[in-house]
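Protein chains: 2
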Amino acid sequence: MTLAEKAYDALRHDIIRGELAPGRPLRLSDLSERYDMGFSPLREALNRLHAERLVTAESLRGFRVAPLSLDELHDAVNVRIKIECDALRASIELGDDNWAAGIVSALYALNLQVGRTGPDADIWTLEARHYAFHRALLAACNSPWTLEFFERLYAATERYRIPTLLAATQPSGRDVQAEHGALAQATLDRDAETATALLEAHYRKTASYLTNVFGANEPDGLAATG
Amino acid sequence: MTLAEKAYDALRHDIIRGELAPGRPLRLSDLSERYDMGFSPLREALNRLHAERLVTAESLRGFRVAPLSLDELHDAVNVRIKIECDALRASIELGDDNWAAGIVSALYALNLQVGRTGPDADIWTLEARHYAFHRALLAACNSPWTLEFFERLYAATERYRIPTLLAATQPSGRDVQAEHGALAQATLDRDAETATALLEAHYRKTASYLTNVFGANEPDGLAATG
DNA sequence: GCAATAATTATTTTCGAAAATCTTTGGAAT
DNA sequence: ATTCCAAAGATTTTCGAAAATAATTATTGC
Chain W
55 MTLAEKAYDA LRHDIIRGEL APGRPLRLSD LSERYDMGFS PLREALNRLH
105 AERLVTAESL RGFRVAPLSL DELHDAVNVR IKIECDALRA SIELGDDNWA
155 AGIVSALYAL NLQVGRTGPD ADIWTLEARH YAFHRALLAA CNSPWTLEFF
205 ERLYAATERY RIPTLLAATQ PSGRDVQAEH GALAQATLDR DAETATALLE
255 AHYRKTASYL TNVFGANEPD GLAATG
Chain Z
55 MTLAEKAYDA LRHDIIRGEL APGRPLRLSD LSERYDMGFS PLREALNRLH
105 AERLVTAESL RGFRVAPLSL DELHDAVNVR IKIECDALRA SIELGDDNWA
155 AGIVSALYAL NLQVGRTGPD ADIWTLEARH YAFHRALLAA CNSPWTLEFF
205 ERLYAATERY RIPTLLAATQ PSGRDVQAEH GALAQATLDR DAETATALLE
255 AHYRKTASYL TNVFGANEPD GLAATG
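The following block contains the structure:
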């Protein structure tokens, strides 16, 4: 693995997890020290991340962690719903046994992690399995473009979810596990109408929850403070 | 404008227009000579283009112009239809007079260029105005993510259309101008059902035409020969 | 001859310094 | 006090060479 690839992974990790706060300037000399490498691999990574909209760039004025905003969250969620519902319909139509088994397996692994408490309750494992479950639902859609856009939007919305997960303020009233179970069941039953309705409801609930959290905490658009 | 930005524009231009053939290796020393700059700005541009899937990259083995394939064309067209129809519905709902005027103006400019023959019949101007027209239809959708995906997919499919335009083998049976006119009219009438149906038909026609052209010319997947 | 290996060449990747550009600071003029 | 300009400093951008890796060619042993 080249240094540029390591830089990309590390920066992406740190941005999505919020260790590099939204809006924060990404100075090459700082990053060079932080990640222990020269400018070249860092600039390559930053350019990749800029193309993915995780960092902003201004000519001759360097890079910053892309800011968060409620507008962007709403947009990303709405587009996700459209794209993922289409992809889910296609998957339900085209998916084979292998696809179905992948969903069962991903859901099982996710639920194991949701159930864990104490030292085993690793939030990043949980997040990875959450991604894997949603990815498994769409795996049979046979559309590389759709899957790429799914990944982009997942990463974009993940940035809003992470701080919430870390704060662990998830309201008790909501049983996400049951939502995932019902979604998987409808999908495996090849009931596209129910499945897409559940998927949309799942995202709208999450979005409205996140909107409340962020709207309350940072009224002027989630702009970072440092 | 920095050298890296110039490199990006030039490479993107040359790739989309096919001056750099699909599959062709993009060696830094060659590019350095071709565009008269050092490695650094070229690598930045190549990384950006890689993120946009216009070039492929393999670790320690350099870059290539991304290959073309009928599968990718079909995928891109199908996803375009979904995304653009959604965006068109949103635009029709949200668009104001300014949006409508933009469509009228873009269509007018496009038709002027379609009508030109001889030395004024510049294919790149035509292409730019075709893009501007379709972009104008969606301009009011109020969704940056949707517009970004539109741009990505437009660029991806443009690569298939350009060789056809250059060959000027467009069959006489098809009146693209009339299609654009009807599409604009339905949109300005805020008739979302008709407009999206026309948009879908427009793309399916183009796609089926391109499929024939490419399928006949290069049966094993459009892989470049150099 | 042919496979395996060493040497050579070609290419990518990375570094460190130089050049270019932006930002801040300090001082002079009004 | 405020505005303007120049100097100093900080930062990005670019280059050219060195290092690392891949691909090719030559050589050896059988």
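For the record, the sequence lines run as chains W and Z. For my numbering, add 54 to where a residue sits in the first sequence, where the first one is 1. For my numbering, add 54 to where a residue sits in the second sequence, where the first one is 1. Note that beta-carbon positions come from the ideal geometry of N, C-alpha and C, so glycine has one too.
7 Å Cβ cut-off: residues of chain W touching residue i
| i | result |
| --- | --- |
| Z/L242 | By Cβ distance, chain W contributes nothing, its closest Cβ being about 24 Å from Z/L242, past 7 Å. |
| Z/A105 | R102, A105, E106 |
Own chain, CB closer than 7 Å to residue i, minus 5 neighbours either side, in chain order
| i | result |
| --- | --- |
| Z/G92 | S86 |
| Z/L253 | E138, C139, L142, L237 |
| W/A105 | none |
| Z/A64 | Y89 |
| Z/Y185 | Y208 |
| Z/A240 | T248, A249, L252 |
| Z/G280 | Note on Z/G280: pLDDT 36, under 50, position unreliable in the model; the coordinate value appears next. For Z/G280, where only same-chain residues beyond five positions count, the Cβ hits under 7 Å are A75, R78. |
| W/I157 | A190, L191, A238, T241, L242 |
| W/I135 | E254, Y257 |
Distance CB(residue i)-CB(residue j) smaller than 8 Å
| i | j | result |
| --- | --- | --- |
| Z/L122 | Z/R213 | yes |
| W/L148 | W/L191 | no |
| Z/L127 | Z/T211 | yes |
| W/D129 | Z/W199 | yes |
| W/A193 | W/S159 | no |
| Z/E247 | W/S113 | no |
| Z/L164 | Z/F187 | yes |
| Z/A99 | Z/L242 | no |
| W/L96 | W/R66 | no |
| Z/V133 | Z/A261 | no |
| Z/F203 | W/F203 | yes |
| Z/N152 | W/N101 | no |
Per-residue contacts from residue i into chain Z (C-beta, under 9 Å)
| i | result |
| --- | --- |
| W/P79 | The premise fails here: W/P79 is roughly 18 Å from chain Z at the closest Cβ pair, so nothing lies under 9 Å. |
| W/L114 | T56 |
Cβ shell of residue i (< 6 Å), same chain only, five flanking positions each side left out
| i | result |
| --- | --- |
| Z/I69 | L108, V119 |
| Z/G72 | I216, P217 |
| W/N196 | L148 |
| Z/V168 | Q231 |
| W/R244 | I146 |
| Z/T56 | none |
Same chain, Cβ closer than 8 Å to residue i, neighbours up to 5 away in sequence not counted
| i | result |
| --- | --- |
| Z/L219 | I177, L180, E181 |
| Z/E233 | L252, A255, H256, K259 |
Amino acids of chain Z, ordered along the chain, whose beta-carbon sits closer than 8 Å to that of residue i
| i | result |
| --- | --- |
| W/E59 | S113 |
Residue i: CB within 7 Å of a non-hydrogen atom of the ligand FMN
| i | result |
| --- | --- |
| W/L100 | Of the ligands one can find in the structure shown there are none, so the ligand FMN has no counterpart to examine. |
Exercise. Is there contact between the segment 66–81 of chain W and the segment 101–118 of chain W, where contact requires at least three CB pairs shorter than 8 Å?
Worked result: yes
Exercise. Name the residues in the segment 116–141 of chain W whose C-beta lies less than 8 Å from a C-beta of chain Z; which are they?
Worked result: E126, D129, A130, N132, V133, K136, I137, D140
For this session: With 9 Å as the limit, tell me which residues of the segment 190–210 of chain W have their beta carbon closer than that to any beta carbon of chain Z; keep them in chain order.
Result: N196, S197, P198, W199, T200, E202, F203, R206, L207, A210
Exercise. If contact means a Cβ-Cβ distance below 8 Å, which residues of the segment 84–103 of chain W contact chain Z?
Worked result: S94, R97, E98, N101, R102
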